[in-house]
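Shown next, in structure tokens, is the structure this report addresses.
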Amino acid sequence: MLPIVSLTLFLPLLGAIVIMCHRNAAAEKVHKIGIITSALTLLGALWMWARGVADAGMTDKGFSQVEQIDWMPSIGAAYRVGVDGISLPLVLLTALLFLLTFVYSGKVRKQPQAFVVLMLMLETAAIGTFTALDAILFYVFFEVSLVSMYFMIAGWGHEDRQRAALMFFIYTLLGSLPLLLAILGLYLGGETYTFDMRVWIENPPLEGGAAMLALIAMLFTFAVKTPVFPFHTWLPAAHVQAPAAGSVILAGVMLKFGTYGLVRFALQMTPGAFREAGVVVLIFGVVAALYGAFAALAQTDLKRLIAYTSVNHMGYVVVGVAIAALTLDPEIRAIALDGSVLQMVSHGLVTGALFFLVGMLQDRAQTRELDQFGGLLKTVPLLGWSFMLAAFASLGLPGLAHFPAEFQIFLATLREAPWAMIVILGIVITAGLYLKAISQVFLGVPNEKWKTMPDLDRRELLTMGPLLILIIVLGIAPSWVLDVVHQTTTTLAF
Amino acid sequence: MANDLALMLPEIIVLLTAVAALVAEMLRQPRIAFYAAITGLALATVLTIPLLGENATAFSKTFRIDTLSVWAKLVLLPATILSLLLVRAELGGSAREGTAYVLIIMITLASLIMTGAGDTMLLVLGILLAGLGSFALVAYPRTDAATEAAMKYFVFASVTAGVMIFGLTYWFGGTGSTLLSELVVLEKSPALAAIGFIAVIIGLGYKAALVPFHFWAPDAYEGAPVSIAAYLSVIPKIGAIFALAQVVRDLPVESGWQWIIAVVAVLTMTYGYLAALGQQNVVRLLAYSSVAQAGYFLLGVIAVGSSPLAFEALIVFSAAYAAMNLGAFAIVMQTGRTLDAFKGMGYQKPLAGVAMVVFLISLAGIPPLAGFVGKFLLFGAAMQTGFTWLVVIAIINSVLSLAVYLRIVVPMYQQTEHQHPGDVAITHTETIPLVKPVWLAGLFFTLFIGLAAQVLLGNIV
Numbered sequence: 016m017l018p019i020v021s022l023t024l025f026l027p028l029l030g031a032i033v034i035m036c037h038r039n040a041a042a043e044k045v046h047k048i049g050i051i052t053s054a055l056t057l058l059g060a061l062w063m064w065a066r067g068v069a070d071a072g073m074t075d076k077g078f079s080q081v082e083q084i085d086w087m088p089s090i091g092a093a094y095r096v097g098v099d100g101i102s103l104p105l106v107l108l109t110a111l112l113f114l115l116t117f118v119y120s121g122k123v124r125k126q127p128q129a130f131v132v133l134m135l136m137l138e139t140a141a142i143g144t145f146t147a148l149d150a151i152l153f154y155v156f157f158e159v160s161l162v163s164m165y166f167m168i169a170g171w172g173h174e175d176r177q178r179a180a181l182m183f184f185i186y187t188l189l190g191s192l193p194l195l196l197a198i199l200g201l202y203l204g205g206e207t208y209t210f211d212m213r214v215w216i217e218n219p220p221l222e223g224g225a226a227m228l229a230l231i232a233m234l235f236t237f238a239v240k241t242p243v244f245p246f247h248t249w250l251p252a253a254h255v256q257a258p259a260a261g262s263v264i265l266a267g268v269m270l271k272f273g274t275y276g277l278v279r280f281a282l283q284m285t286p287g288a289f290r291e292a293g294v295v296v297l298i299f300g301v302v303a304a305l306y307g308a309f310a311a312l313a314q315t316d317l318k319r320l321i322a323y324t325s326v327n328h329m330g331y332v333v334v335g336v337a338i339a340a341l342t343l344d345p346e347i348r349a350i351a352l353d354g355s356v357l358q359m360v361s362h363g364l365v366t367g368a369l370f371f372l373v374g375m376l377q378d379r380a381q382t383r384e385l386d387q388f389g390g391l392l393k394t395v396p397l398l399g400w401s402f403m404l405a406a407f408a409s410l411g412l413p414g415l416a417h418f419p420a421e422f423q424i425f426l427a428t429l430r431e432a433p434w435a436m437i438v439i440l441g442i443v444i445t446a447g448l449y450l451k452a453i454s455q456v457f458l459g460v461p462n463e464k465w466k467t468m469p470d471l472d473r474r475e476l477l478t479m480g481p482l483l484i485l486i487i488v489l490g491i492a493p494s495w496v497l498d499v500v501h502q503t504t505t506t507l508a509f
Numbered sequence: 030m031a032n033d034l035a036l037m038l039p040e041i042i043v044l045l046t047a048v049a050a051l052v053a054e055m056l057r058q059p060r061i062a063f064y065a066a067i068t069g070l071a072l073a074t075v076l077t078i079p080l081l082g083e084n085a086t087a088f089s090k091t092f093r094i095d096t097l098s099v100w101a102k103l104v105l106l107p108a109t110i111l112s113l114l115l116v117r118a119e120l121g122g123s124a125r126e127g128t129a130y131v132l133i134i135m136i137t138l139a140s141l142i143m144t145g146a147g148d149t150m151l152l153v154l155g156i157l158l159a160g161l162g163s164f165a166l167v168a169y170p171r172t173d174a175a176t177e178a179a180m181k182y183f184v185f186a187s188v189t190a191g192v193m194i195f196g197l198t199y200w201f202g203g204t205g206s207t208l209l210s211e212l213v214v215l216e217k218s219p220a221l222a223a224i225g226f227i228a229v230i231i232g233l234g235y236k237a238a239l240v241p242f243h244f245w246a247p248d249a250y251e252g253a254p255v256s257i258a259a260y261l262s263v264i265p266k267i268g269a270i271f272a273l274a275q276v277v278r279d280l281p282v283e284s285g286w287q288w289i290i291a292v293v294a295v296l297t298m299t300y301g302y303l304a305a306l307g308q309q310n311v312v313r314l315l316a317y318s319s320v321a322q323a324g325y326f327l328l329g330v331i332a333v334g335s336s337p338l339a340f341e342a343l344i345v346f347s348a349a350y351a352a353m354n355l356g357a358f359a360i361v362m363q364t365g366r367t368l369d370a371f372k373g374m375g376y377q378k379p380l381a382g383v384a385m386v387v388f389l390i391s392l393a394g395i396p397p398l399a400g401f402v403g404k405f406l407l408f409g410a411a412m413q414t415g416f417t418w419l420v421v422i423a424i425i426n427s428v429l430s431l432a433v434y435l436r437i438v439v440p441m442y443q444q445t446e447h448q449h450p451g452d453v454a455i456t457h458t459e460t461i462p463l464v465k466p467v468w469l470a471g472l473f474f475t476l477f478i479g480l481a482a483q484v485l486l487g488n489i490v
């Protein structure tokens, strides 16, 4: 049996090493290696998808395609990777977004080698975070992604990049260290000393006060990463200063580390404590969703606006996970988690598309201020219509990617905690703010300044095409993803 | 007796190496002194390997051949070899080059004696011997700064050693013996045990640069040649920490020694990084950083006797610390002592730049590097002992440490187009031979320990 998970995981790293060995390669060649490597990685992810999560022969404590070898047997740490219905869609999303990012970044001329190497390292770290089944391995990938992203923002960001990168790094490191504490607590609390996440999920090692402390530490970590109000302050700064490619990965992939961790660690390893604290988490989720929407409403910078809508969308995911923790009914739990996982995937596609489009707009206009534009739909129709489609998806229009996800989250919320339905206000506000942004940028009187603005070129169309198609496909027929997710969410019992 | 000598073979070889180097220096053959030193230390390292797994004492229980002291040799001897390469690169050709090698080997020997000390007198011997060598090394350049630093170092050492010997008399009075293993009888008189322990932590704390006994360190490192600072920040420090671990092994918990160490650990970590935040001189910054790192070591010392992870944590972190700290100092040697010298360095010397980033983020404890594995084990050991609050403080300090280390990383990747090309060329283009192998070795071990810590862990019994 081919170790497809490990191959997919380390292919990008291999590509990075190949580039490092060719110190004097031309920029085109370097970008080509990046594209080829990430395309092969996507193939690997598709192969994993084809194998699925239900293959009885490979299933092991709820996970399938498990591959493991000894790493530090003295302390019970091993290299263990595998997937289930929650992580597999995220792996596929990650591989796709990275490939598109490489296609889009083909024009980067500033230190192209370092750029591609960092991106490839980031890809391995991201896939590793989603597939790791050993807590130490998870933490390693989780942190490596921080380092890569720090250099990405500091090296290729916009005007105030140094400060934003520093803030991002220190803030998220502060955020991730409590997780280390929780991991150590789970390790020392178990009957046998092991870092095997499957063992922790099957038999939660902590209970009572210790479990609650571990949960608080984990919630802090993942709240910073997601980010949940009031721990979100690093996000707008990092997003606005990051290069477009960095923003796409940051929003499309790295924010999911937070919500994925919320499910994988907090919900699965300390279910009892999470149930007790569920209402608090639910309130945080509701506040985050509403706050994100209101804050986005007040923005004049297009990139900052989209960054805040991420806070809003990830807030819905937190609501979904909190509902899953609170409910005693397995059916509601499955609905809530299905919605949450699908929301992560949709958000990756939609926000990825929006950040790409803002990046393309900024390449042309060198500004992101809403009031600088006007009537762009006539000058650049392809860019305009793409933006409209992505924006409509983002505000939750039926038939587009976010709708089935948010619908399921709201459905579960209505059945479990009806008062939390106030979160639906967020949809109304996002609808308003996107309509305002669209009318300011793409409708109205064309601004003379942008008369010669070129429309999307071939490379940009290649980037946007797959995303827009998937946004529609996922909106109309979400079942091909939901079926995979559902296989896992129905088996969870706590 | 013969068996005792066999067990002490590595130490004896180190002593003979020092003598050989001294003879060569007296014959005005510093090159031979250098090669003799390297060969002798390498031989001693190889001869240590058969001792792995040994658990014995020599010379009527005064010297311990156990996990800690054997691994101390395996870490400190290679680290001394790397330091010697740096010293040769910096001081090679100067008038008294050979004496530096001799002194360094003597300090390493003193550190080895401390790490295996089973008797308070051996402990005192180790501290004094290491101290004498260190003053001379710091004063080596004969500049005002170096002389002042050596003077401070000397005065501080004399006072702390005096206090320590005075405090040790209480232990002698209580147990009737100078053996550390006899300390268990102090179970009934915790106050007596505590007084002696405070004295010990003053004596060893000065050697390991623990706050509040660290005042000499930044001045000494800044006044001394960079290579000497690199050496002093690694070898005697690890020696003193391991010695502390030997002391607490038989000390009754009732004396509250864990809490004394916990307080010192908090002060050391926090003060070290806060002070480092304000430094403009990279050597001083690294000096304060090494003060703070000593605080992390103490987390492992606290766990001695209560957590099986304690020795593993101390040993892995000491190897990691030696690799990353020597590596970082080696890069400083070839780049320059000021933060300005690092401006744009990452673009001009890509490999050295990457290496420096690796050393610094490893010092901050970011995976998958050596510093992470070490700190992770230290945290686990302290938590198992019940000092979770201390781990929380250590974790908060890790965030602070990142801010400290990024102060060097940020200028490394700043664009320098506006500068005159000539300005930069002077500081960055010269590469001193012997320095590059050192940081390459440091880089290798920082990655290797991070990814394959099992090689160490599997042999710590």
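If you're matching them up, the sequences are chains A and B in order.
FYI, in this note's numbering the residues of the first sequence are 16 to 509.
FYI, in this note's numbering the residues of the second sequence are 30 to 490.
Note that CB positions come from ideal geometry on N, CA and C, so glycine has one too.
Computed from a predicted model, the values in this text were never measured in an experiment.
- The beta carbon of Pro247 of chain B sits closer than 7 Å to the beta carbons of Arg313, Ala316, Tyr317 from its chain, once the five residues preceding and following it are set aside; these are given in chain order.
- Neighbours of Tyr442 of chain B in chain A, taken as residues at a C-beta separation under 7 Å, are given in chain order as Ala169, Gly170.
- Ile134 of chain B sits close to Ala47 of chain B, with the two beta carbons spaced by under 8 Å.
- With distances taken between CA atoms, Phe78 of chain A lies nearest to A:Phe145 out of A:Leu115, A:Met16, A:Phe145, A:Gly30.
- Among the residues facing chain A, Pro107 of chain B is not included, as its CB has no counterpart in that chain under 8 Å away.
- Between the stretch 349 to 369 of chain A and the stretch 324 to 338 of chain A there are three or more C-beta pairs closer than 8 Å, enough to call the two in contact.
- The DSSP-derived three-state label of Arg93 of chain B is strand.
- Under DSSP, Arg57 of chain B takes part in no beta bridge, so it has no partner.
- Along the stretch 76 to 98 of chain A, the positions whose C-beta sits under 8 Å from a C-beta of chain B are Asp85, Trp86, Met87, Pro88, Ser89, Ile90, read in chain order.
- The three-state reading of DSSP puts Ser79 of chain A in strand, counting E and B together.
- For the 8 Å CB-CB criterion, Thr274 of chain A and Thr236 of chain A do not form a contact.
- If only complete runs of 4 or more residues are kept, the stretch 293 to 332 of chain B shows the alpha helix (DSSP H) at 311 to 331, in order along the chain.
- Contact check for Pro345 of chain A and Ala508 of chain A: beta-carbon distance about 7 Å, within the 8 Å limit, so the pair qualifies.
- Runs of the alpha helix (DSSP H) lying entirely within the stretch 247 to 303 of chain A and spanning at least 4 residues, in chain order: 249 to 256, 259 to 264, 270 to 276.
- Taking a C-beta distance under 8 Å as the contact criterion, Thr56 of chain A and Pro27 of chain A qualify as a contact pair.
- Between the stretch 365 to 373 of chain A and the stretch 251 to 268 of chain A there are three or more inter-stretch CB-CB distances shorter than 8 Å, so the stretches are counted as touching.
- With its beta carbon at least 8 Å from every one in chain A, Val240 of chain B lies outside the interface.
- Burial state of His37 of chain A is exposed, judged by a 10 Å Cβ sphere holding fewer than 16 other Cβ atoms.
- Under the Cβ distance rule, Leu368 of chain B does not count among the residues neighbouring chain A, no pair being separated by less than 8 Å.
- Chain B has no Cβ within less than 8 Å of the Cβ of Leu137 of chain A.
- In summary, the residues of the stretch 378 to 393 of chain B whose CB is separated from some CB of chain A by less than 7 Å are Ile390, in the order they occur in the chain.
- The bridge partners DSSP lists for Tyr94 of chain A are A:Ile84.
- For Glu119 of chain B, the three-state secondary structure derived from DSSP is helix.
- No Cβ of chain B is located within less than 8 Å of the beta carbon of Ile48 of chain A.
- In this structure, Leu108 of chain A and Gly363 of chain A form a Cβ contact; the two beta carbons are roughly 5 Å apart against a cut-off of 8 Å.
- Using a Cβ-Cβ distance cut-off of 8 Å, the stretch 350 to 360 of chain B and the stretch 288 to 299 of chain B are not in contact, since fewer than three pairs of beta carbons, one from each stretch, lie closer than that value.
- In terms of beta-carbon proximity, Gly487 of chain B lines the interface with chain A, with at least one pair separated by less than 8 Å.
- For Glu222 of chain A, no chain B residue has a Cβ inside 8 Å of its Cβ, as the nearest lies near 17 Å away.
- In the three-state DSSP reduction, Glu463 of chain A falls in the helix class (H, G or I).
- Nearest neighbour of Ala411 of chain B by Cα position, chosen from B:Gln444, B:Leu328, B:Thr207, B:Leu306, turns out to be B:Leu328.
- What Leu192 of chain A touches in chain B, judged by beta-carbon distance under 7 Å, is Ile424, Ser427, Val428, going in chain order.
- Chain A places no beta carbon closer than 8 Å to that of Met143 of chain B, leaving this residue out of the contacts.
- The straight-line gap separating the alpha-carbon atoms of Phe183 of chain B and Ile231 of chain B is approximately 15 Å.
- Chain-order list of chain A residues neighbouring Gly409 of chain B: Ile90, Leu199, Tyr202, Leu203, by C-beta distance under 9 Å.
- Between Leu151 of chain B and Thr91 of chain B, the CB-CB gap stays under 8 Å.
- Here Phe371 of chain B is near Val311 of chain B, since their CB atoms are less than 8 Å apart.
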